[in-house]
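Protein chains: 2
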Amino acid sequence: MTFDAKLDGYLKDKKKLVDQALEAYLPAENVYPSALIQAVRYSLFAGGKRIRPVLCLAAAETVGGDIKTTLPVACALEMIHTYSLIHDDLPAMDNDDVRRGKPTNHKVFGEAVAILAGDALLTEAFHLMARTDLMPEIDPAKLLVVVRDIAQAAGYDGMVGGQTVDILSEGRQGDPDTLNYIHYHKTAALIAVSLKSGALLAGANTVEVNALEAYGHHIGLAFQIADDLLNVEGNKELLGKNTGSDRERGKLAYPALVGVEVSRQKAFELTQAAIEDVALFEERALPLRWIAEYVVERSS
Amino acid sequence: MTFDAKLDGYLKDKKKLVDQALEAYLPAENVYPSALIQAVRYSLFAGGKRIRPVLCLAAAETVGGDIKTTLPVACALEMIHTYSLIHDDLPAMDNDDVRRGKPTNHKVFGEAVAILAGDALLTEAFHLMARTDLMPEIDPAKLLVVVRDIAQAAGYDGMVGGQTVDILSEGRQGDPDTLNYIHYHKTAALIAVSLKSGALLAGANTVEVNALEAYGHHIGLAFQIADDLLNVEGNKELLGKNTGSDRERGKLAYPALVGVEVSRQKAFELTQAAIEDVALFEERALPLRWIAEYVVERSS
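Structural data, given as structure tokens:
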């Protein structure tokens with residue numbers, strides 16, 4: 001098999017596990033209030049790549065752990081990511097009409113229900129992570145560390161902080177420090193904690209946890225730069241969302257700040273650093289190396 | 301001292317503990333991104349009565365526990381309540397301009413930051429509840445039960461579900477079942493879990509936990525009916541928000557559905573049921589009896 005075929009198979013297998021678990025954890029569409037549940041499911045099953053949960057499972061696998069044990073936390077990470085997309089797309093925020101080739105949540109369900117669907121997903125993520133019945137093998141004290149880490153990465157000192165600075169920087173003269181703050185907090189923090197929590201739950205030691213978290217920070221930043229590049233040069237059909245929107249909106253982004261070539265070089269360097277981070281795992285880190293390369297080479 | 305003076309002193313003492321703890325747990329206003337932190341602090345310190353955290357502490361005290369141990373969870377409950385107010389006030393939801401006598405969060409900070417401040421508060425609530433360093437005496441497995449219960453009461457099967465039905469019922473012909481669903485989920489669920497979690501953390505047995513949770517459901521429903529009555533007959537200055545807004549907006553509310561007199565009678569019966577629920581605690585339930593009576597007699 002080629003590199004692409006192997007990576008593709010790996011991602012598909014893991015995505016299937018995540019999708020099945022999400023389906024099992026979520027209420028059916030006809031559960032009352034069904035407008036809310038439909039809105040939640042609409043965005044959660046809109047065809048996301050499941051990068052964060054796949055990285056959580058991959059981290060557990062890399063340190064020799066049982067990936068099934070990490071599924072509830074992996075799915076919670078996807079719920080947090082999905083809530084952030086629903087809220088980011090709102091008219092008061094990025095005002096996006098299309099996401100993954102489909103109308104955004106508020107376009108289908110209205111703004112009020114979209115806000116509430118985001119709130120419900122964020123809350124359900126923490127509900128799921130506290131379901132010790134689904135994770136009887138996990139030490140409760142360790143699970144609380146994971147909950148705390150994920151909440152920190154998602155909150156004012158993480159994703160929400162990054163999104164705030166992103167929104168408030170629109171149309172302003174940007175600087176690299178601010179852009180790095182945005183990328184690190186808005187994107188890399190949740191990706192890094194996805195790897196860290198998978199490693200912790202699988203019983204990794206401190207050196208292993210730190211290596212996987214560092215890998216996460218590096219590919220998280222690379223992922224965001226690649227996203228910025230796709231917004232400039234990507235194919236709208238493949239992306240399933242509008243291109244050129246960063247520029248139109250005066251959003252702080254890598255290509256506008258340092259140019260396309262320097263951005264590409266930066267993404268490449270981050271990928272190499274990520275691959276270095278996981279060198280200690282030798283052959284077991286093969287999927288993580290594939291994913292690091294995929295992150296910057298993807299077309300959607 | 302009169303009844304009012306004793307209750308007043310009790311509520312003030314407990315509120316002070318909660319306010320001091322919230323201050324200690326939150327970042328300072330100048331922490332980056334300061335627009336977000338200011339928005340979070342603006343609503344959290346807008347002069348709320350701290351009913352939910354006070355009930356959490358009161359439950360712990362009633363079963364003879366150490367109330368200090370429950371402070372992080374009590375404060376998390378207030379964060380969840382405050383996030384829900386910020387999001388409920390948004391233009392896409394209830395579109396309220398005034399709350400507790402001050403402009404609502406989005407009026408001061410704009411819609412985008414208000415949405416993000418709500419998201420940050422909800423996330424920080426779960427971060428705080430996972431901070432075992434603040435609660436070394438609490439068994440981690442028990443803390444996870446509390447997190448799970450609170451997340452359930454706050455999510456699609458609790459507060460968010462109730463708010464969804466509330467919003468979607470506006471301007472429609474209401475029925476008592478729908479109104480009861482709204483009140484139970486939107487208000488009573490979080491109040492009941494405030495008592496339940498205080499009791500659990502303080503080491504209550506099952507009979508005690510159930511009694512306090514039942515008390516919470518009863519006063520939670522009474523509290524919401526009293527709120528509906530205040531919206532019809534209350535004093536705008538004392539309330540710090542506009543009256544008559546439920547009617548204008550075609551909101552489903554008790555007085556409109558069954559009349560003012562029947563609503564008053566219902567609130568009274570619920571209060572008596574709540575007082576019955578905690579009879580087993582005898583003299584130790586005195587503050588809970590005061591609070592039950594206060595809930596329906598308050599003017600703001």
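Line order of the protein sequences matches chains A and B. Note that our numbering has the first sequence beginning at 1, numbered continuously upward. Note that our numbering has the second sequence beginning at 301, numbered continuously upward. Think of the CB as a built atom: it goes at the ideal place given N, C-alpha and C, for glycine as much as any other residue.
- In the three-state scheme derived from DSSP, where H, G and I count as helix and E and B as strand, residue 402 of chain B is classed as strand.
- For residue 430 of chain B, the chain A residues whose C-beta falls within less than 7 Å of its own C-beta are 144, 147, 148, 151, listed in chain order.
- In the structure shown, residue 278 of chain A adopts coil according to DSSP, grouped into three states.
- Below the 7 Å Cβ cutoff, chain A contributes 33, 35, 36, 113, 116 as neighbours of residue 464 of chain B, in chain order.
- DSSP places residue 569 of chain B within a helical segment (H, G or I) once states are collapsed to three.
- In the three-state DSSP reduction, residue 36 of chain A falls in the helix class (H, G or I).
- Between the region 554-562 of chain B and the region 526-536 of chain B there are three or more C-beta pairs closer than 8 Å, enough to call the two in contact.
- Put simply, the backbone Cα of residue 195 of chain A is about 27 Å away from that of residue 326 of chain B.
- In this structure, DSSP gives residue 6 of chain A a helical state, which the three-state scheme calls helix.
- Assignment of residue 390 of chain B by DSSP, reduced to helix, strand and coil, places it in the coil class.
- Within chain B, the C-beta atoms nearer than 7 Å to that of residue 90 of chain A come from 415, in chain order.
- With respect to residue 578 of chain B, residue 588 of chain B sits close: the two C-beta atoms are nearer than 8 Å.
- Put simply, the backbone Cα of residue 444 of chain B is about 14 Å away from that of residue 376 of chain B.
- With 16 or more other Cβ atoms inside 10 Å of its own Cβ, residue 465 of chain B counts as buried.
- When 9 Å is used as the limit between beta carbons, residue 294 of chain A is near no residue of chain B, the shortest such separation being about 29 Å.
- Collapsing the DSSP output to three states places residue 299 of chain A in coil.
- Residue 45 of chain A sits in coil when the DSSP states are folded into three classes, being neither helix nor strand.
- Counting along the chain, the unbroken alpha helix (DSSP H) around residue 129 of chain A starts and ends at 111-129.
- Contact check for residue 18 of chain A against residue 61 of chain A fails: the beta carbons are separated by 8 Å or more.
- DSSP, reduced to helix, strand and coil, places residue 68 of chain A within a helical segment of the structure shown.
- Boundaries of the alpha helix (DSSP H) around residue 153 of chain A: 140-154.
- Here residue 438 of chain B is not near residue 355 of chain B, since their CB atoms are 8 Å or more apart.
- The Cβ-Cβ distance between residue 209 of chain A and residue 150 of chain A does not fall below 8 Å.
- Our two residues, residue 586 of chain B and residue 357 of chain B, have alpha carbons roughly 14 Å apart in a direct line.
- Closer than 8 Å to the CB of residue 154 of chain A there is at least one CB belonging to chain B.
- If you look at residue 232 of chain A, you'll find it in the alpha helix (DSSP H) that goes 206-233.
- For residue 159 of chain A against residue 72 of chain A, the beta-carbon gap comes to about 20 Å, at or over 8 Å, which does not count as contact.
- Annotation for residue 484 of chain B: no alpha helix (DSSP H) segment contains it, and DSSP assigns it neither H nor E.
- Taking 8 Å as the upper bound for CB-CB distance, residue 418 of chain B and residue 386 of chain B are in contact here, some 4 Å apart.
- Your pair residue 560 of chain B and residue 529 of chain B checks out as a contact, with CB atoms roughly 7 Å apart and the cut at 8 Å.
- For residue 499 of chain B, the nearest beta carbon of chain A is not closer than 8 Å to its own beta carbon.
- For the region 460-489 of chain B, the set of residues with a beta-carbon nearer than 7 Å to any beta-carbon of chain A comprises 460, 461, 463, 464, 465, 467, 468, in chain order.
- Spatial neighbours of residue 336 of chain B in its own chain (CB-CB distance under 7 Å, excluding positions within 5 residues in sequence) are listed in chain order as 413, 416, 417, 420.
- Contacts with chain B at 8 Å (Cβ-Cβ) do not include residue 98 of chain A.
- The C-alpha of residue 368 of chain B lies about 11 Å from the C-alpha of residue 314 of chain B.
- Nearest to residue 344 of chain B by C-alpha distance, out of B:504, B:384, B:488, is B:384.
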